[in-house]
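> My questions will all concern the structure given below.
See below:
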């Protein structure tokens with residue numbers, strides 16, 4: 003990395019805001035997402051003059067999410083800025099999601115002057131560093147203007163090295179507006195080259211190959227950490243004749259028509275009643291609810307060798323008994339395997355490859371139900387599938403929502419996307435799709451970004467349509483509108499049936515016209531109630547190159563398989579149904595009143 007030296011403006015005094023902006027520019031930052039606050043003006047002016055594009059949002063949470071989306075598409079650290087206390091408080095939901103999902107983002111905030119500490123100063127009540135520390139990889143308040151380059155570069159490396167995650171730097175307003183003593187600026191650390199990622203132990207590769215060679219029904223499941231390894235992953239799959247699935251957090255770039263690309267890992271649940279995989283390689287994919295938890299439906303609990311590759315050694319074996327754990331970068335792991343290619347002798351199992359491909363589509367489960375449901379609204383699966391098939395190939399698809407998100411996931415492969423992400427992440431955080439789509443569109447303006455929502459998740463940050471329009475972004479928002487919080491309402495139906503008539507806190511408005519809202523924000527807006535209108539409307543709006551929204555009216559029936567699985571209803575009277583988690587045994591037998599272990 004070339005040496006960094008500050009550029010002194012000729013037309014005004016150089017200050018801490020300039021030093022911050024120029025440091026970030028030197029580190030590779032090209033765009034920053036945020037929302038204005040006077041505390042940040044010194045930085046914003048410096049960023050604008052040094053050539054950092056500023057994308058201002060309508061809410062701070064979206065600014066953080068946009069930095070996430072940008073990082074996932076560009077492969078770079080996403081940058082965002084939020085003002086003191088009020089803006090910072092609004093950003094916490096985004097920070098929490100980024101921390102859970104290992105997103106490398108760099109967040110700038112400010113605070114009152116250092117001399118005003120503990121004086122109830124404007125926007126100075128909460129100690130932002132104390133609050134942010136539990137949900138960041140690194141968090142620090144800069145108290146000396148000359149130390150900005152050193153601390154910023156340290157934070158930048160922390161965000162993007164090893165286990166990636168969010169970093170927050172708090173720069174008090176007086177530090178940002180103070181001119182530094184040029185001879186005291188801590189330049190050195192800014193030009194430190196990026197650290198090399200860890201490669202796997204050769205002995206671990208030998209152990210893995212030995213187990214893989216014995217497999218009859220192997221699969222690879224990739225996670226977000228495998229992003230950017232498309233060529234290596236394709237080669238690995240072909241060499242080992244292994245079907246590949248991806249965690250719904252991030253799709254891989256194996257060609258959509260490849261015989262070994264088999265969609266989301268949730269498809270593996272179809273094998274739960276029969277022969278399951280006997281070898282699973284989790285390649286930078288974390289276990290947990292996104293992969294079926296500990297149920298065994300996706301990752302088998304028995305008669306299967308489990309291998310896991312992750313940069314975080316503590317993640318290996320977190321919820322499953324992993325036989326082969328390897329701490330390594332996903333790309334370097336693939337390279338290490340290829341170096342021992344001569345030892346790989348995995349038999350090609352034609353029947354297994356065909357079975358995995360057959361389970362890729364669930365269309366046959368719904369096609370006989372008809373395009374229109376008894377309530378007169380469109381079948382949600384068939385409507386989503388029609389949307390996906392009408393989209394341009396190689397689009398970037400961001401999925402949000404509960405049941406709407408599940409229908410999107412189930413039909414995603416019909417779209418043949420370049421990249422696809424489920425924005426809700428490990429927190430199940432609805433509304434993230436707005437920021438993810440914004441960041442993705444800025445990172446790659448060459449292709450359409452599709453912002454998939456239900457009418458519930460759409461309501462969180464729909465004002466960002468204004469941001470899409472102001473920046474002329476090629477984003478098509480689809481709102482699957484069934485006038486209800488789908489997963490919540492259907493979950494209550496499964497839990498209570500007709501015994502309890504009320505469905506508390508799940509109804510949404512039939513009068514809300516999301517398409518009209520879009521028009522008010524200077525975006526195109528269309529409402530679609532007829533199945534035959536889906537394809538032409540999607541095609542027309544996809545080709546416009548401008549932001550638009552389709553209000554797609556669908557039925558709340560049928561209930562998605564995911565909702566049924568997550569609610570976990572059971573006829574067994576001796577278990578307590580705990581929706582969205584594993585059921586627990588009842589302490590007392592329901593009928594006899596005796597304790598469950600048979601004692602009186």
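Numbering (the working numbering), first residue to last: 3 to 602.
No residue lacks a Cβ here, since even glycine has one placed at the ideal position from N, Cα and C.
Note that the structure is a prediction, hence the values are computed from the model and not measured.
1. Counting C-beta neighbours from all protein chains within 10 Å, is the total for residue 221 16 or more, i.e. buried, or is it exposed?
2. Would you identify the three-state DSSP class for residue 462, choosing helix, strand or coil?
3. Is residue 476 closer than 9 Å to residue 443 when the C-beta atoms are compared?
4. Please go through the same chain and pick out, in chain order, the residues whose beta-carbon is closer than 7 Å to the beta-carbon of residue 148, but skip the five residues on each side of it.
5. If the criterion is Cβ atoms closer than 9 Å, does the pair residue 36 and residue 104 meet it?
6. Just how far apart, CA to CA, sit residue 236 and residue 256?
7. To which residues of the same chain is residue 325 closer than 6 Å at the C-beta, ignoring the five residues directly before and after it?
8. At the level of alpha carbons, what is the spacing between residue 141 and residue 161?
9. Quick one: measure Cβ to Cβ for residue 139 and residue 169, integer angstroms, because I've assumed they're closer than 8 Å.
10. Specify the secondary structure class of residue 44 as computed by DSSP and reduced to three states.
11. Could you tell me the distance, in whole angstroms, from the CA atom of residue 390 to the CA atom of residue 452?
12. Using C-beta distances below 7 Å, list every residue in its chain close to residue 5, excluding the 5 sequence neighbours before and after it, in chain order.
13. Taking the alpha carbon of residue 302 as the reference point, which residue from 445, 395, 281 has its own alpha carbon closest?
14. Give the single residue among 13, 554, 546 whose Cα lies nearest to the Cα of residue 535.
15. Within 10 Å of its beta-carbon, does residue 31 have 16 or more other beta-carbons around it, so buried, or fewer, so exposed?
16. Ends of the alpha helix (DSSP H) at residue 442?
17. What residue range is occupied by the uninterrupted alpha helix (DSSP H) comprising residue 568?
18. Sorted by chain position, which residues of the same chain lie with C-beta nearer than 7 Å to residue 405's C-beta, five sequence neighbours on each side aside?
19. Mapping the DSSP letters down to three states, classify residue 602 as helix, strand or coil.
20. Enumerate in chain order the residues of its own chain whose CB-to-CB distance from residue 20 is below 6 Å, with the five nearest sequence positions on each side excluded.
21. Since residue 537 contacts residue 388 with CB under 8 Å, what's their CB separation in whole angstroms?
22. Does the distance from the CB of residue 551 to the CB of residue 467 come in under 9 Å?
23. Please report how far the alpha carbon of residue 474 lies from the alpha carbon of residue 549, in whole angstroms.
24. Going by C-alpha distance, which of 119, 40, 61 is nearest residue 469?
25. Below 9 Å between beta carbons: does that hold for residue 252 and residue 66?
26. If the criterion is Cβ atoms closer than 9 Å, does the pair residue 2 and residue 249 meet it?
27. Looking only at its own chain, which residues have a Cβ that is under 8 Å from the Cβ of residue 601, when we skip the five neighbours before and after it?
28. Can you list the beta strand (DSSP E) stretches of 3 or more residues lying completely in the segment 366-420, in chain order?
29. Using C-beta distances below 6 Å, list every residue in its chain close to residue 375, excluding the 5 sequence neighbours before and after it, in chain order.
30. Checking 9 Å against the spacing of the C-beta atoms, do residue 329 and residue 315 come in under that value?
31. When the distance is taken between beta carbons, is residue 292 closer than 9 Å to residue 332?
32. Which one of 540, 135, 146 has the shortest CA to CA distance from residue 386?
33. Can you check which of these residues, 527, 425, 361, is closest to residue 245 by C-alpha distance?
34. I'd like to know if the segment 74-93 and the segment 211-220 are in contact, where contact means that at least 3 CB-CB pairs between them fall below 8 Å.
35. For residue 155, does the three-state DSSP call read helix, strand or coil?
By the coordinates alone:
1. Here residue 221 refers to the residue found at position 219 of the chain shown. Result: buried.
2. What you label residue 462 is simply residue 460 of the chain shown in a count that begins at 1. Reduced to three states, the DSSP call for residue 462 is coil.
3. As a working note, residue 443 is residue 441 in the chain shown. As a working note, residue 476 is residue 474 in the chain shown. A contact, by the Cβ cut-off of 9 Å.
4. The residue labelled residue 148 in the question sits at position 146 within the chain shown. Closer than 7 Å at the Cβ level, and outside the excluded window around residue 148, lie 182, 183, 186, 187, 188.
5. In the chain shown, the residue the question calls residue 36 occupies position 34. In the chain shown, the residue the question calls residue 104 occupies position 102. For residue 36 and residue 104, no; Cβs fall outside 9 Å.
6. Looking up residue 236 in the chain shown gives position 234. Looking up residue 256 in the chain shown gives position 254. Taking the straight line joining both Cα atoms gives about 6 Å.
7. Walking along the chain shown from the start, residue 325 turns up at place 323. Taken in chain order, the residues that qualify are 307, 308.
8. For this step, residue 141 is matched to residue 139 along the chain shown. For this step, residue 161 is matched to residue 159 along the chain shown. Residue 141 and residue 161: Cα-Cα distance of roughly 11 Å.
9. The residue you call residue 139 lines up with position 137 of the chain shown. The residue you call residue 169 lines up with position 167 of the chain shown. Yes, they are in contact, since the Cβ atoms of residue 139 and residue 169 sit about 6 Å apart, within 8 Å.
10. For the purposes of this step, residue 44 is taken as the residue at position 42 of the chain shown. Of the three classes helix, strand and coil, the one that applies to residue 44 here is helix, per DSSP.
11. Translated into the one-based positions of the chain shown, residue 390 becomes position 388. Translated into the one-based positions of the chain shown, residue 452 becomes position 450. Distance between the alpha carbons of residue 390 and residue 452: 10 Å.
12. For the purposes of this step, residue 5 is identified with residue 3 of the chain shown, where counting begins at 1. Cβ within range, chain order: 193.
13. For the purposes of this step, residue 302 is identified with residue 300 of the chain shown, where counting begins at 1. Selected option, being the one with the closest Cα: 281.
14. Stepping through the chain shown from its first residue, residue 535 is reached at position 533. The shortest Cα separation from residue 535 among 13, 554, 546 belongs to 554.
15. For the purposes of this step, residue 31 is taken as the residue at position 29 of the chain shown. So residue 31 ends up on the buried side.
16. Within the chain shown, numbered from 1, the residue matching residue 442 stands at position 440. Residues 434-445.
17. Here residue 568 refers to the residue found at position 566 when the chain shown is read from its first residue. Residues 563-569.
18. The count along the chain shown starts at 1 and reaches residue 405 at position 403. Excluding sequence neighbours, residue 405 sits near 456, 488, 489, 492, 562, 565.
19. Counting from one through the chain shown, the residue named residue 602 turns up at place 600. Confidence in residue 602 is poor, its pLDDT being 44 and thus under 50, which makes the residue's placement too unreliable to answer from.
20. Here residue 20 corresponds to residue number 18 of the chain shown, with the count starting at 1. Here the set comprises 48.
21. Residue 537 sits at position 535 when you count from the first residue of the chain shown. Residue 388 sits at position 386 when you count from the first residue of the chain shown. Sure, about 6 Å apart at Cβ, within 8 Å.
22. As a working note, residue 551 is residue 549 in the chain shown. As a working note, residue 467 is residue 465 in the chain shown. A contact, by the Cβ cut-off of 9 Å.
23. Position 472 of the chain shown, counting from 1, holds the residue named residue 474. Position 547 of the chain shown, counting from 1, holds the residue named residue 549. It is roughly 7 Å from the alpha-carbon of residue 474 to the alpha-carbon of residue 549.
24. Taking the first residue of the chain shown as position 1, residue 469 is located at position 467. Residue 469 has its Cα closest to that of 61, out of 119, 40, 61.
25. Your numbering for residue 252 matches position 250 in the chain shown. Your numbering for residue 66 matches position 64 in the chain shown. No, these two residues do not count as a Cβ contact at 9 Å.
26. Residue 2 lies beyond the residue range present for the chain, which begins at 3 and ends at 602; the question has no answer from this structure.
27. What you label residue 601 is simply residue 599 of the chain shown in a count that begins at 1. Only weak support is given to the placement of residue 601: the predicted model assigns it a pLDDT of 49, under 50, and the value that follows is read from those uncertain coordinates. Closer than 8 Å at the Cβ level, and outside the excluded window around residue 601, lies no residue.
28. 398-401
29. Residue 375 sits at position 373 when you count from the first residue of the chain shown. Only 381, 557, 559 meet the Cβ criterion.
30. Against the chain shown, residue 329 aligns to sequence position 327. Against the chain shown, residue 315 aligns to sequence position 313. For residue 329 and residue 315, yes; Cβs fall inside 9 Å.
31. Position 330 of the chain shown holds residue 332. Position 290 of the chain shown holds residue 292. Going by C-beta atoms, residue 332 is not nearer than 9 Å to residue 292.
32. Translated into positions along the chain shown, residue 386 becomes position 384. Checking every option, the nearest Cα to that of residue 386 belongs to 540.
33. Position 243 of the chain shown, counted from the start, is the residue given in the question as residue 245. For the residues 527, 425, 361, the minimum Cα distance to residue 245 belongs to 361.
34. no
35. Position 153 of the chain shown, counted from the first residue, corresponds to residue 155. In this structure, residue 155 counts as helix in the three-state DSSP scheme.
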